[in-house]
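In my numbering, the protein residues as written are 12 to 97. Structure record follows, encoded as structure tokens.
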Amino acid sequence: MKLKRHLVLAMLVLGIAASCRSPGTDGEVLLADRCFGCHSQAEIAETGRSYAGWTHVVNWMKTYGVELTEEEQERLVDYLVDTYGE
Ligand code: HEC
12 MKLKRHLVLA MLVLGIAASC RSPGTDGEVL LADRCFGCHS QAEIAETGRS
62 YAGWTHVVNW MKTYGVELTE EEQERLVDYL VDTYGE
């Protein structure tokens with residue numbers, strides 16, 4: 012009985028860990044998925060931008076066909092500012 016309870020707990024912890032890393036929720040994954048088709052990482056890293064600057068770029072890239080939900084765009088811009096901020 013005790014073993015079973017531990018198994019349930021382990022599955023719960025693994026489930027939470029997996030959901031944190033699932034594609035589409037992580038800014039780094041979004042960048043690779045939506046941007047690296049046309050750009051290299053070096054190109055993105057070349058210029059540091061503010062929150063407003065990255066928002067502008069991402070909105071602009073949407074005119075080139077990048078598809079992002081509002082929530083994905085927020086995560087991506089947050090990631091870009093954190094990683095390639097001014
Ligand atoms: C379909 C291809 C395509 C995709 C996908 C794409 N881009 Fe671009 N990107 C371009 C093109 C083309 C330009 C050059 C635009 C110009 O200078 O007129 C550009 C320019 C840029 C620039 C330079 C802007 C400047 O001020 O010169 C940045 C930064 C950038 N993209 C970031 C991104 C990011 C971040 C993503 C993902 C959200 C992305 N791109 C996705 C095609 C793409």
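The beta-carbon is built from N, C-alpha and C at its ideal position, and this holds for glycine as well.
Is DSSP giving Gly96 helix, strand or coil here? strand
Beta-carbon gap between Tyr90 and Gly38 smaller than 7 Å: yes
Cα separation between Leu87 and Leu42? 7 Å
Check whether Glu85 and Gly59 have beta carbons under 7 Å apart: no
What's the C-alpha gap between Glu81 and Tyr62? 15 Å
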